[in-house]
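Residue numbers (this note's numbering): 48 to 381.
No residue lacks a Cβ here, since even glycine has one placed at the ideal position from N, Cα and C.
As the structure is a prediction and not an experimental result, all values here were calculated from the model.
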């Protein structure tokens, strides 16, 4: 199957002062706008951001943008070693939302610490429905023991620079979502009973790069408390009956990814293993694993590259009943 996976157009700059920044990113591919039989299901507006960075340790961002939670979700899709993100990331990500955030890329000017904290609507991208949901609260901290926090090298997968000395970044985040309307928080679908869920979500990650080699790992855990709804279904006799109650999607997930960029040749290889597990017997979360990898041909670094990967993906710990996934992708950014 051929498809345009992503098509993005971005406008960014500053107004009145270099400390008043703006960014507007539009997502124009059919998958970006979730095209179906009834047309587009999503607005093309991906990011709409105003940033005020007058103070090094207190930058303010408002608008619709990426929730500062899990590292691989924050990494731009144009900066991957493999074609796409892990299955663990797909389950536990908080994606984009509308809100306000405070942050610093270099706390106290030491080059070793970053922080981000924000309050969001909790309904995700295109939040306008006015559901009876609470807010999403998020805080993230990153420590870079060897310095260089301002360059944000750790948000570009693979060590194309072949740094001589090791670079290390450690991150962690916590999110609390009050009365989430979807079964994965910001993401997912409505529970069968139509109620809401209070979610606690925790993540931790690490990135190491040196001499062309890179190692990335990430862990996430989620626990929810259901507020059951009063939705009804029609039974076999045509009578209305209470809809089945759906348990919270409690679980954990993790992945580890290793890669290497060949010296003096624009070729990289990477591999990844990822896992999803339930943490309660009632949780409807599907237990899945993926194992695979592939090469990347960097024509102009991450800006223009050809990638391919292969993964074996299986569910409920049944390795032999898994399936193949092969992807080939060319991406260009300018």
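Which of helix, strand or coil DSSP assigns to residue i
i: residue 201; result: helix
i: residue 124; result: helix
i: residue 292; result: coil
i: residue 368; result: helix
i: residue 61; result: strand
i: residue 187; result: strand
i: residue 107; result: strand
i: residue 380; result: coil
i: residue 182; result: coil
i: residue 71; result: strand
i: residue 237; result: coil
i: residue 55; result: strand
i: residue 211; result: coil
i: residue 374; result: strand
i: residue 232; result: strand
i: residue 194; result: coil
i: residue 83; result: strand
Top-ranked residue by Cα proximity to residue i, from the options
i: residue 253; options: 331, 357, 303; result: 303
i: residue 192; options: 205, 216, 170; result: 216
i: residue 72; options: 105, 83, 94, 64; result: 94
i: residue 299; options: 239, 136, 113; result: 136
i: residue 224; options: 329, 307, 248; result: 248
i: residue 139; options: 234, 146, 56, 106; result: 234
i: residue 365; options: 340, 334, 112, 260; result: 334
i: residue 278; options: 260, 349, 238; result: 238
i: residue 268; options: 255, 236, 250; result: 250
i: residue 362; options: 134, 258, 231; result: 134
i: residue 196; options: 168, 157, 375, 315; result: 157
i: residue 244; options: 124, 186, 181; result: 181
i: residue 126; options: 355, 375, 350, 356; result: 350
i: residue 97; options: 147, 291, 189, 325; result: 147
i: residue 108; options: 88, 119, 151; result: 151
i: residue 315; options: 241, 129, 58, 154; result: 129
i: residue 214; options: 262, 59, 246, 240; result: 262
i: residue 100; options: 153, 159, 183; result: 153
Buried versus exposed, by CB contacts within 10 Å (16 or more), residue i
i: residue 102; result: exposed
i: residue 203; result: buried
i: residue 1; result: The requested residue 1 is not part of the displayed model; the chain covers only 48 to 381.
i: residue 282; result: exposed
i: residue 256; result: buried
i: residue 345; result: buried
i: residue 359; result: exposed
i: residue 289; result: exposed
i: residue 332; result: buried
i: residue 61; result: exposed
i: residue 311; result: exposed
i: residue 212; result: exposed
i: residue 371; result: exposed
i: residue 51; result: exposed
i: residue 265; result: buried
i: residue 287; result: exposed
i: residue 122; result: buried
i: residue 85; result: exposed
i: residue 74; result: buried
i: residue 165; result: buried
i: residue 330; result: buried
i: residue 82; result: exposed
Residue span of the beta strand (DSSP E) that contains residue i, given as start and end
i: residue 342; result: 335-347
i: residue 98; result: 92-102
i: residue 89; result: First-last for residue 89: undefined, no H or E at that position.
i: residue 218; result: 214-227
i: residue 355; result: 351-362
is_contact[residue i, chain D] using C-beta, thresh 7 Å
i: residue 74; result: Within the model displayed, chain D is absent; a lone protein chain is all it includes.
Just list the alpha helix (DSSP H) runs in the region 111-168, keeping only unbroken ones of 4 residues or longer that don't cross its boundaries, in chain order.
Complete alpha helix (DSSP H) runs here, min 4: 118-121, 134-139.
Scan the region 243-328 and note each continuous alpha helix (DSSP H) run of 4 residues or more that stays entirely inside, going in chain order.
Taken in chain order, the complete alpha helix (DSSP H) segments of 4 or more residues contained in the region 243-328 number zero; there are none.
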